[in-house]
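Position 5, counted from 1, in the sequence shown is what the numbering used here calls 6; the numbers after and before it change by one each time, with no gaps.
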Amino acid sequence: MPVRAVLQRGPKDKKSVAFAVDWPGWSRGAKTADQAVETLEAYRERYRPIAQAAGLSDELDAQGDIELVLDEVGTGSTDFWGISFAPSALETEPMDDAELDRKIALLRACWAHFDAVGARVSAELAKGPRGGGRERDEIIAHVLRVESLDFAKRLGLRVEEGSLTSPTAIQQYRDDYVTLMRAYNAGEGKRMRSWNLPFLIRHTAFHVMDHAWEMADKDLSA
2 MPVRAVLQRG PKDKKSVAFA VDWPGWSRGA KTADQAVETL EAYRERYRPI
52 AQAAGLSDEL DAQGDIELVL DEVGTGSTDF WGISFAPSAL ETEPMDDAEL
102 DRKIALLRAC WAHFDAVGAR VSAELAKGPR GGGRERDEII AHVLRVESLD
152 FAKRLGLRVE EGSLTSPTAI QQYRDDYVTL MRAYNAGEGK RMRSWNLPFL
202 IRHTAFHVMD HAWEMADKDL SA
């Protein structure tokens with residue numbers, strides 16, 4: 002079976018993003034559609050530890066080439082950031098229990114990978130060509146802040162800003178987030194307007210992995 006991928010082009014066609022719809026967190030953007038698909042394939046091995054941690058490495062290894070099963074227009078954020086910021090036509094809810102369990106397992110693997118990268122890279126990270134860029138602790142704080150105050154809030158989870166300062170607090174927050182995902186999929190809670198649960202899981206995983214790979218690429222400890 003090929004890897005099912007979706008291509009979303011910005012409305013002005015300035016940038017595109019390709020993502021593996023069945024593998025949350027495996028998503029890459031670029032200036033052109035072809036480059037986005039090529040970059041997605043180039044990150045297959047970098048994503049493999051996520052599948053392995055979720056107990057799905059055999060499934061990933063058995064899959065063939067990337068196959069574009071959907072080519073659609075995304076949002077303005079795709080043009081600006083090269084990211085997917087809306088559900089694809091293939092992502093519908095509710096999910097069956099098996100799909101939900103699988104995607105949550107992959108999301109938890111993304112979280113664990115992010116934590117592991119943050120624990121091993123240098124506190125000071127390599128800067129961009131113009132000297133810009135966040136340091137390690139700033140990236141970690143950014144990911145936790147955006148995820149807890151924006152993404153998780155869409156399911157009704159309320160997290161006090163600045164409260165995720167210990168591994169115990171972070172673990173409890175993530176457990177609460179997953180609990181609400183399961184409740185939402187079962188029909189509980191207020192429905193999201195422009196997002197749905199498959200996209201919320203995918204976007205959460207993408208944000209985590211995008212910054213985990215950023216930290217790894219800018220690590221100065223070597």
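Glycine residues also receive a C-beta, built at the ideal position from the N, C-alpha and C atoms.
Anyone know if the C-beta pair for residue 34 and residue 19 falls short of 9 Å? For residue 34 and residue 19, yes; Cβs fall inside 9 Å.
In the DSSP assignment, what residue or residues form a beta bridge with residue 9? 18 and 73
Just grab the DSSP bridge partners of residue 220 for me. 126
According to DSSP, residues forming a beta bridge with residue 28: 20
CB of residue 41 within 9 Å of CB of residue 63, strictly: Taking a C-beta distance under 9 Å as the contact criterion, residue 41 and residue 63 do not qualify as a contact pair.
Within 10 Å of its beta-carbon, does residue 29 have 16 or more other beta-carbons around it, so buried, or fewer, so exposed? buried
Whose C-beta lies closer than 7 Å to the C-beta of residue 185 among residues of the same chain, with five residues either side of it excluded? 156 and 198
Closest residue to residue 187 among 102, 7 and 10 (Cα-Cα distance): It is 102.
Report the three-state DSSP secondary structure of residue 84 (helix, strand or coil). coil
Identify whether residue 160 lies in helix, strand or coil by the three-state DSSP scheme. Looking at residue 160 - three-state DSSP - the assignment turns out to be coil, as it is neither helix nor strand.
Can you tell me where the alpha helix (DSSP H) holding residue 92 begins and where it ends? Counting along the chain, no alpha helix (DSSP H) covers residue 92, and no H or E run does either.
Have a look at residue 181 and residue 95 and give me their C-alpha separation to the nearest angstrom. 14 Å
Where do the N-terminal and C-terminal ends of the alpha helix (DSSP H) with residue 186 fall, by residue? 168–186
With a threshold of 16 other CB atoms inside 10 Å of the CB of residue 200, please say whether the residue is buried or exposed. buried
Starting from the Cα of residue 138, find the closest Cα among 48, 119, 89 and 172 and give me that residue. 119
Cross-strand partners of residue 202 (DSSP beta bridge): Residue pairing by DSSP places residue 202 in no beta bridge whatsoever.
Which first and last residues belong to the alpha helix (DSSP H) in which residue 112 is found? 98–121
For residue 1, which residues from the same chain have a beta carbon less than 7 Å from its beta carbon, with the 5 sequence-adjacent residues on both sides left out? Nothing can be reported for residue 1, as the shown portion of the chain is limited to 2 through 223.
Does the structure place the stretch 102–115 close enough to the stretch 208–218 that three or more beta carbon pairs sit under 8 Å? yes
With respect to the alpha helix (DSSP H) encompassing residue 50, which residues constitute its N-terminal and C-terminal limits? First-last of the alpha helix (DSSP H) with residue 50: 45–54.
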